[in-house]
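Okay, structure first, notes after.
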Amino acid sequence: MQWEVGGEFELRDSSLAHPEECDLLSAQSWRLPPGECRLVQNGQAALLTALRDARYGAKLMDAWLPSYLCASMVQPFRQSGLEVHYYPVDGHLAPVDGLWALAVGHGSVVLYVNYFGFPVSATAQDLAQQQHNRGAVTILDMTHSLFNIAPDEIPCSNYTVASLRKWAGLPDGGLVWKRGSRFSMPLDADSTDGGFGRARLVAGLMKGLYCDGILSQKDGYHTLFGMAEDIADGCTAAVPMSRVSCTMWGQLDTVAIVSARRANYAALASGISRLQSLHLFQETLPQGVCPLGCPIVLPRRDDLRIFLTSHGVYCPIHWQLPTDVATGFPGSQSVSATMLTLPCDQRYTRNDMERVVTLMTEWDGSRPRSRDDGVA
């Protein structure tokens, strides 16, 4: 069996069997206030659904997005014909108040992100409330806080969206919720996802075969996962989440997932505290938070990432910023250049995390010391 940590989730035949009845369309099942939930193929489709619904009842002209975000999140706003602007965030990923906040009102939609599941800042909550009061449409991306005790931390948000496939080996899956009422338009039931879910399903099964030592090469499933992302970027339809993914989500042991992720985060945090050239982005994991990953900060981020990759540990970068955020947002640029997310999900045990820490300790010990080490 191949040992590796991180990367896309692998799938095995056993996860596709034993369908169970599970109500995934009630707001209560997602610990959200009253409203309507829809399940779509991914997070981009969830954003598209929210934007189309918002435009049905109002004329939207512009969108305000955080300057620290994944480039793929911008696409639905452009596809919806909105002029995209960015607002600054600081080194703690809280929005920076300023003139931009006053520009948001009627005709605007503003996106807030619950980064890494850590509590939304008081600044974000205050700004969102003020903008909501001026008639703006507010959307919260709660992908990173999906398994938190309180996932929706902006009480005035009109919509909440999430990508479900970041948390488990789902071929597809996105959630969109509308506060207090039903959506004005149906899903694109007659459209397709362009093969997105099927490509990811086959890729996940192939990775499972690789992890079990049956396949010897990664190229096949890497190509399929990449193809699926290209399909998602070009898709303009929001279609229902597949029955396969609904079945798989209904089988998840969420209590075990939360417990495993918190324990793995704690194991990483304990080891990282002894290292000199890096530090945790969030020193303490708050109660009620289920971590998506364990973000760390270090000046030589790319060096560590290359070293870990060579030893079978695959760490995502959250995020490589959109090209139009290349200048003018120093807080976002600094975080993007120095942050690395260590996997700590439910696939792994404490032994796996200790092995990752051992590798990081080896790398840390080989580094020449400088005044900048450990400071971002």
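For the sequence shown, the numbering used here begins at 1281 and goes up steadily by one. The C-beta atom is built at its ideal place from N, Cα and C for all residues, glycine as well. Model, not experiment: these values are computed from the prediction.
- Just so you know, the alpha carbons of Gly1387 and Val1637 end up roughly 49 Å apart.
- With fewer than 16 other beta carbons inside 10 angstroms of its own, Trp1283 counts as exposed.
- When DSSP states are grouped into helix, strand and coil, Pro1375 belongs to the strand group.
- When beta bridges are read from the DSSP output, Lys1487 appears opposite no residue.
- If you look at Cys1574, you'll find it in the beta strand (DSSP E) that goes Cys1574 to Val1577.
- If you draw a 10 Å sphere on the C-beta of Ala1547, you find 16 or more other C-beta atoms in it, and that means buried.
- Its chain contains Val1637 as the residues whose beta carbon lies nearer than 6 Å to that of Gly1551, once the 5 sequence neighbours on both sides are disregarded; these appear in chain order.
- The residue from Glu1433, Leu1426 and Asp1473 with its alpha-carbon nearest to that of Gln1405 is Glu1433.
- Residue state for Pro1610 is assigned as helix, using DSSP reduced to three classes.
- By alpha-carbon distance to Gly1397, the top candidate from Leu1379, His1424, Thr1621 and Ser1525 is His1424.
- One thing to note: Ala1416 has its Cβ within 8 Å of the Cβ of Val1389.
- Residue environment: His1372 is assigned as exposed (fewer than 16 neighbouring CB atoms within 10 Å of its CB, all protein chains considered).
- Contact fails between the region 1527 to 1537 and the region 1340 to 1360, because fewer than three Cβ pairs, one in each stretch, are under 8 Å apart.
- For Arg1630, the uninterrupted alpha helix (DSSP H) run begins and ends at Arg1630 to Gly1645, by DSSP.
- Taking the C-beta atoms as reference points, Arg1414 is found no nearer than 8 Å to Gly1454.
- Straight through space, the alpha carbons of Ala1343 and Gln1409 are spaced by roughly 16 Å.
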